Amino acid sequence: MVRTRFAPSPTGFLHVGGLRSAVYPYALAKHSGGQFILRIEDTDQKRQVKGAVASLQQTLKVFGLDWDELHIQSQRVKQGVYQKTADLLVASGHAYLDEGAVRIKIPAGEEVSYHDFVLDKDISWKTDILTDMVLLKSDGFPTYHLAVVVDDHAMGITHVLRGHDWLPSTPIHLLLYQFLGYDRPEIGHLTDIMDPASGKLSKRKGSASVNELLANGYLPEAILNFVILLGWAPKDNRELFTLSEFIEHIDPAGFQKSNPVLNKAKLDWFNGHYIRQKSDTELLQLIKPYLPEVTLPIIPLIKDRITTLADATSLASFFFIRPIPSYPTDKSYLVTTLEALSTVSWSKAAIEAALSNLCAARGFPRGDFFMSLRLAICGSKITPPLTESMLILGKDETLARIKL
RNA sequence: GGCCCCGUCGUCUAGCGGCCUAGGACGUCAGGUUCUCAUCCUGAAAAUCGUGGGUUCAAAUCCCACCGGGGUCACCA
C-alpha cells in the first residue's frame, strides 16, 4: 500500500512549487489506491503565520487534493513522541544533551547512501562531512530532521517526495533510520522551479502564489495542469491532464532531473484552453466575481477572447457603461448608419443586411466603416463581434450610442 | 569554498547505442477564415544535443575532464 504525504510548514501561503509538492505525492498514492497524508510541520514557534494552516487546506481543496489523514506536529509534541525518541537515541549512545538540546552523534569514518527514486541514482556521503545537528531543541520541539524521520515512520509513509533543497540533509535522516532500526521509505527529490526573471527559486515570489493566480482569474484545472508538466512528462508528450488523468498516467520515470523555469505564457495557454472547455453557464458563474452585471448571452461573445477570467472586465464592460467614453470616430458614416438602422427590425440577419447594403450603396470601405461604428458603440478598437453586441445592447441603446 | 544534484530549440520536454538530416507543446513569424481582437486551420524559423577528450563499425544516448547552472552547509523548515 502506497502512502505519501505533503508536509508544509505553515509559514506562508501555497506557491506553485508547493502545489506541485502536493500533487505529485497525491497522484503517486492514488495511482495505486493508496493514501495521501497532510502533515503540518509547525515545530518552529517563531515562524508561525496566523491563518496559514486554514489557507493551505482551503487551497488544496480547491484543487481537489483531499487528504486521508491530517497530522499536526505541534500536537504530537504534546504527546511526547519526539522527546521519547530523543531519549531512546541518547540511551543508545547515538545522541547527547547539549545545553538543553539533543544533538545527533555522527559516527566517524562511515558512509551512508540511498537510491533516489526521482533521480534514479544512488547517492552517498561520507559521514565525516556531517556535523552533530540538533534533533530536539531546548524548547522541547523537534527540528525537521527528527520530526520527519519519526513521523514518516509512525505514519507508515512508503514514499517520501520532497523538494531538492532537502537532499543535503538526507544523510542525517539515513543515519536516524539506522539508529532507530526503522525501515526506510523510498526517497525522491523534486527539482526546484526557477523564476525566469531573477533566475532564483520561485519560492516566496508573489507571482508564484497560487492564491494570487486564482484571484487573477486562473482556473484551478489550468494551474494544476501547468504545474503537473513542470517537472514531469509522459512518454508520449501528452499535454492535457486533469487530476484524475494524471493519477492514471503518473510514472516516476517521468520525473525531471533538472530545474524548470516557470513559463507564464504556457500557463496562459492552458487557462485559455480550459476556459473554452467550460459551458456558457459555468463560465457565467466564474466570471461574475469579475464582472457582476455579466449575462449569459455575453458569454459566447467573449469566451474565445479571454485568457483569464479577469479579462472579461476589460472586454465586456462597455455593455454596462453609460455613456461610454467618447472616441474620435468618422461622423459621416454614423449619420447614414443611424438612418439605415432606425427602420430595421432588431435581428442579427436584418442588422447585417442593412449594414452591408449601406456599405455597398455608398461605397464605404467595410474595414473603416465597421471600425468607426465599433468605436462609437463599444468605445474600443478591440471588442466582441459588433452585430451580436448590438443585439445585446438593444436597438434604443445602440442608436443612442451612434447618435452621440 | 566543502559536499551534493543537474546540463537537448527562447521556454517545458521526447529520446535510454543504429529507426535522429533530433520529435512534440508553448511562444515567435507567415498565410487562410474574418467588421476589430481572439478562436480555429495551414506552414515556417528555431537545439553542430554545454565544451573537449575517449570507448564503439556506430553516441544526444556509455566513460573521463573541464565549463556552466542550482541546492545546501542554523536550537528554520
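Residues in the first sequence are numbered consecutively from 0, following numbering that gives the first Met the number 0.
We treat Cβ as the ideally placed atom computed from N, Cα and C, and that holds for glycine.
None of these values were measured; they are calculated from a predicted model.
Taking residue i and residue j to be in contact with their CB atoms under 8 angstroms, please state how far apart those CB atoms are, rounded to whole angstroms.
i    : j    : result
G63  : L242 : 5 angstroms
L179 : T84  : 7 angstroms
V149 : V80  : 6 angstroms
Q284 : T190 : No, Q284 and T190 are not in contact; Cβ-Cβ is about 36 angstroms, not under 8 angstroms.
R46  : T10  : 5 angstroms
K265 : F225 : 6 angstroms
E110 : T130 : The pair is not a contact, with the Cβ atoms about 16 angstroms apart (cut-off 8 angstroms).
T342 : L372 : Not quite, the Cβ-Cβ distance comes to about 17 angstroms (not below 8 angstroms), so this is no contact.
If you draw a straight line from the C-alpha of residue i to the C-alpha of residue j, how long is it?
i    : j    : result
K29  : E68  : 14 angstroms
G139 : H70  : 18 angstroms
S201 : L385 : Here S201 scores only 48 on pLDDT, less than 50, and its place in the model should not be relied on; the value that follows carries that caveat. The alpha-carbon atoms of S201 and L385 are separated by roughly 42 angstroms.
A21  : Y176 : 24 angstroms
A309 : K60  : 22 angstroms
L374 : V293 : 21 angstroms
V48  : D41  : 10 angstroms
M370 : F363 : 12 angstroms
F5   : T169 : 17 angstroms
I222 : V1   : 26 angstroms
W124 : K104 : 16 angstroms
K193 : P24  : A small correction: the amino acid at residue 193 is Met; Lys does not occupy that position in the sequence shown. Their backbone Cα atoms lie some 21 angstroms apart in a straight line.
I391 : F12  : 41 angstroms
I128 : Y113 : 17 angstroms
P195 : V15  : 14 angstroms
Y289 : N270 : 16 angstroms
F245 : I227 : 8 angstroms
A311 : V260 : 29 angstroms
R203 : L55  : Only weak support exists for where R203 lies, its pLDDT of 46 falling under 50; the value from the coordinates is given anyway. The straight-line gap from Cα to Cα measures roughly 14 angstroms.
I401 : N210 : 42 angstroms
I376 : I320 : 11 angstroms
A353 : Y332 : 13 angstroms
L403 : A339 : 16 angstroms
E351 : K287 : 30 angstroms
Y459 : D86  : Because residue 459 is not part of the residues shown, which for the chain are 0 to 403, the question remains open.
I411 : R183 : This structure leaves residue 411 out entirely; the chain is present only between 0 and 403.
W165 : E98  : 27 angstroms
G253 : K263 : 22 angstroms
I486 : S8   : Shown here, the chain extends from 0 to 403; a query on residue 486 therefore has no answer.
S278 : H272 : 12 angstroms
T3   : S257 : 23 angstroms
A53  : K77  : 21 angstroms
L282 : L295 : 9 angstroms
F317 : R365 : 23 angstroms
R237 : I301 : 28 angstroms
L145 : D235 : 41 angstroms
L212 : P291 : 20 angstroms
Y143 : P167 : 13 angstroms
Q72  : G155 : 15 angstroms
State the beta-bridge partners of residue i as determined by DSSP.
i    : result
Y113 : I122
L37  : F5 and L69
Y95  : R102
F254 : W231
L261 : Answer by DSSP bridge pairing: none, since L261 is not bridged.
E185 : H158
S208 : H14
V226 : None; V226 has no bridge partner.
V133 : R102
P141 : L135
Assign residue i to buried or exposed, taking buried as 16 or more other Cβ atoms, counted over all protein chains shown, within 10 Å of its Cβ.
i    : result
M389 : buried
L18  : buried
D151 : buried
T58  : buried
I186 : buried
G205 : Note that G205 scores a pLDDT of 46, beneath 50, so its modelled location is shaky; the value from the coordinates is reported in the next line. By the 10 Å Cβ count, G205 comes out exposed.
T397 : buried
A51  : buried
S208 : buried
Q44  : exposed
L314 : buried
E220 : buried
Q74  : exposed
Q408 : Since the first and last residues shown for the chain are 0 and 403, residue 408 lies out of range.
A153 : exposed
V101 : buried
### Message
Could you check whether the segment 154 to 161 touches the segment 132 to 140, counting it as contact only if at least three pairs of C-beta atoms, one from each stretch, sit closer than 8 angstroms?
### Response
no
### Query
Using 8 angstroms as the threshold, is the segment 207 to 216 in touch with the segment 305 to 319, meaning 3 or more CB pairs across them?
yes
### Query
Is the segment 85 to 104 touching the segment 116 to 124, taking contact as three or more C-beta pairs under 8 angstroms?
no
### Query
Between the segment 321 to 339 and the segment 368 to 387, do at least 3 Cβ pairs fall closer than 8 angstroms?
yes
### Task
Please confirm if the segment 226 to 233 is in contact with the segment 243 to 250, defined as three or more CB-CB distances below 8 angstroms between the two stretches.
yes
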